[in-house]
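Per the numbering used here, the very first residue in the sequence shown carries number 1; after that it's consecutive.
To start, the structure itself, in C-alpha cells.
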Amino acid sequence: MERIFTERAHLMCPHMNFGIVMSAERAFEKDRIRSSFDILSKNHPFLRALLGYDKKDNSYFYDVTDLSKIDLEISDDTLEDTDDQKIIQKYDSLTGYDWDITKEGMLKAVAWKQADETLFLLVFHHLLTDGRGALDLACELSDIYVEDKVREAVDERLISSSDDLPKDSGLPFVSRMLVEKANKDWIKDGCEPLTYQRYHEYADSFLKKDSINILIKRTEETDVLKMSEECKKHSVTINDLLMAKMYQDEDTDKIIIAKDIRESLSSYNKGSLGNYSTAFSVVIKKKDKDIWKLADAVHKKVQRTIKSPKDLYLVLQCYAKLSPDVLDASFMAANGEFDSKSAEFIGKMFFGFETPKGYSITNLGKIESKNIKSAFFIPPASPAIRKTVGVLTVNGKMTECVCERI
C-alpha cells in the first residue's frame, strides 16, 4: 500500500489537473484504443486506484483495485488537428468540477479521429503523477497503440518519508521554526481535521466560479533551432530565455518553475507514475532590458538553486514536515472557509492561496518520437498562480500552452 506523503499537498487544492494532447501516428481504431488503455492500467497500479482513507491515523493512500479506473471516452467526431478548439472545450468540461477521487479514477482520456492519425486528450489528477510522468505515460500509450510495443510493468513507489530526500536538503532554520510553530499552533486552534468530503464540496463550488483561459502558441522547428543556437551562443537555455521574456512581459520579479528530481531519488522506479518533481521560485529584482543579459541572470539564479539541496527541496521538505492537518486545511483557511489561524498562515504566507498573483513556467523539455506526430502540455492552474505556461517540444516543434485567470 502506497500512502500519500508529499503528494498530500495536491489533495485538497483545486485545479490540480493538467493535460497532454497528442496526435498518434496510427489510424483511428476503437477496439485498439480500448485495448491500449487496458494494457496501461495493467502496467500501472495507480491507474486502477481510488483514494483510500485510514481514519486511525488520518492518512490517505492509493487504494489499488483489480479493475481499470481510467475514464475513457471514444468520440465519433473527426478533428482536423491538435489545435481544434473542441479539445480545449473538452478539457475545460473535464476540469470544471472537482473530481471525487474516492469514487472515480485519476486519469480521464478522450480519443478522436484525425485523418490518418488518432488524437488523444489525457487529463491527469496531480495525485497520479507529475508532468514528466504524464509525458512518459503518453509516450508509452503511443508505443502500444501504434506498434504494439509494451513495456514491462513497474511498481509505483513514492517518497514515503523525509528520509527519502537527500540528507543535506533539510529545512533552513527560519523555515523549520515557522513549520514547527504552525504545527504547534494547529493543536492550540483545537480544530477537527478537514474531511475530504467537506473540501470536495467547497472545491466543486470554487471551480464553477474560477475561470481559466487557455491559449496555444506554436514555434516551428526552424525557429526553435535558431532560438537554440542563440541560446548556446549566450550560454543559457531556452527555458532561461522564456523566463526572461516572462519577466519583461509581465513585469514580475518572481517566477515559479518545476524541476524533475527522479535521478536523485532512490524511491523512483523508471517508468512509474507518481510525483518526482519539486518547484522553486526564481527572483530577479533588477531586470535588464537586454533580453540576453536578463536570461544570463536567470540562468545563474536557476543553477545556483539546483546546486543547493536546501533551496531545491525546500517545498518538498515543507510538505514533509508540516502536520497533515495543517496542509489539508491551508487552501480553505486562506480563503476564509476553515477556521484555523495556523492553516491560514501557511495557506497565505507559504503557498499564496489568498490571491492568485504568481507566475509560473513548467517546461517538460523536448522529445523525438516516431509514434507521436505532435503534442502539447496543459499545465495545472494552481489557485496561487495568475498565469502559468506549459512548454513541450516534440520532433523539433515547441508548443507553449498559456493558462491565465480571467
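No residue lacks a Cβ here, since even glycine has one placed at the ideal position from N, Cα and C.
Proximity of residue i and residue j at Cβ, strictly below 8 Å
| i | j | result |
| --- | --- | --- |
| residue 171 | residue 307 | no |
| residue 73 | residue 21 | no |
| residue 375 | residue 182 | no |
| residue 246 | residue 255 | yes |
| residue 120 | residue 134 | no |
| residue 318 | residue 175 | yes |
| residue 75 | residue 373 | no |
| residue 157 | residue 267 | yes |
| residue 68 | residue 35 | no |
| residue 248 | residue 293 | no |
| residue 214 | residue 385 | no |
| residue 313 | residue 165 | yes |
| residue 301 | residue 277 | no |
| residue 291 | residue 253 | no |
| residue 282 | residue 257 | yes |
| residue 305 | residue 159 | no |
| residue 145 | residue 26 | yes |
| residue 230 | residue 359 | no |
Integer-rounded CB distance, given that residue j should sit under 8 Å from residue i
| i | j | result |
| --- | --- | --- |
| residue 224 | residue 397 | 7 Å |
| residue 369 | residue 142 | 7 Å |
| residue 62 | residue 104 | At roughly 14 Å, the Cβ-Cβ gap does not stay under 8 Å, so residue 62 and residue 104 are not in contact. |
| residue 400 | residue 217 | 4 Å |
| residue 37 | residue 273 | Not a contact, Cβ separation roughly 14 Å. |
| residue 236 | residue 299 | 4 Å |
| residue 112 | residue 77 | 6 Å |
| residue 335 | residue 353 | 7 Å |
| residue 168 | residue 309 | 5 Å |
| residue 91 | residue 19 | 5 Å |
Whole-angstrom distance between residue j and residue i, CA atom to CA atom
| i | j | result |
| --- | --- | --- |
| residue 15 | residue 221 | 32 Å |
| residue 420 | residue 275 | The first residue shown for the chain is 1 and the last is 406, placing residue 420 beyond what the model contains. |
| residue 241 | residue 198 | 43 Å |
| residue 54 | residue 195 | 12 Å |
| residue 346 | residue 189 | 14 Å |
| residue 13 | residue 331 | 6 Å |
| residue 226 | residue 118 | 31 Å |
| residue 351 | residue 324 | 15 Å |
| residue 329 | residue 204 | 16 Å |
| residue 39 | residue 185 | 48 Å |
| residue 192 | residue 201 | 17 Å |
| residue 31 | residue 65 | 23 Å |
| residue 152 | residue 50 | 23 Å |
| residue 115 | residue 82 | 12 Å |
| residue 271 | residue 149 | 14 Å |
| residue 340 | residue 206 | 19 Å |
| residue 88 | residue 17 | 13 Å |
| residue 59 | residue 337 | 22 Å |
| residue 86 | residue 79 | 8 Å |
| residue 208 | residue 233 | 47 Å |
| residue 163 | residue 4 | 15 Å |
| residue 147 | residue 95 | 31 Å |
| residue 327 | residue 161 | 15 Å |
| residue 28 | residue 52 | 36 Å |
Nearest neighbour of residue i, chosen from the options [CA to CA]
| i | options | result |
| --- | --- | --- |
| residue 279 | 180, 304, 361 | 361 |
| residue 131 | 389, 364, 293 | 364 |
| residue 128 | 339, 1, 10 | 10 |
| residue 406 | 387, 399, 62, 395 | 387 |
| residue 316 | 8, 2, 337, 97 | 8 |
| residue 187 | 343, 400, 19 | 343 |
| residue 107 | 114, 118, 126 | 126 |
| residue 173 | 340, 115, 311 | 311 |
| residue 393 | 367, 59, 101, 358 | 367 |
| residue 219 | 228, 168, 356 | 228 |
| residue 356 | 102, 211, 167, 88 | 211 |
| residue 243 | 295, 28, 44, 56 | 295 |
Residue-level contact to chain B via CB, residue i, 8 Å cutoff
| i | result |
| --- | --- |
| residue 102 | Checking the listed chains, one finds no chain B in this structure; it contains a single protein chain. |
Restricting to runs no shorter than 3 residues, where is the beta strand (DSSP E) found entirely within the stretch 37-70? 49-54, 59-64
### Message
Quick check for students: name the residue ranges of the alpha helix (DSSP H) that lie wholly in the stretch 155-219, counting only runs of 4 or more.
### Response
173-189, 196-209
Item checked: Minimum length 4: unbroken alpha helix (DSSP H) runs contained in the stretch 316-358 -> 324-334, 341-345
Which parts of the stretch 251-303 are runs of the alpha helix (DSSP H), unbroken and 4 residues or longer, counting only runs that do not cross its ends? none
*If you scan the stretch 70-94 from start to end, which runs of the beta strand (DSSP E) of 3 or more residues do you find wholly inside it?*
71-78
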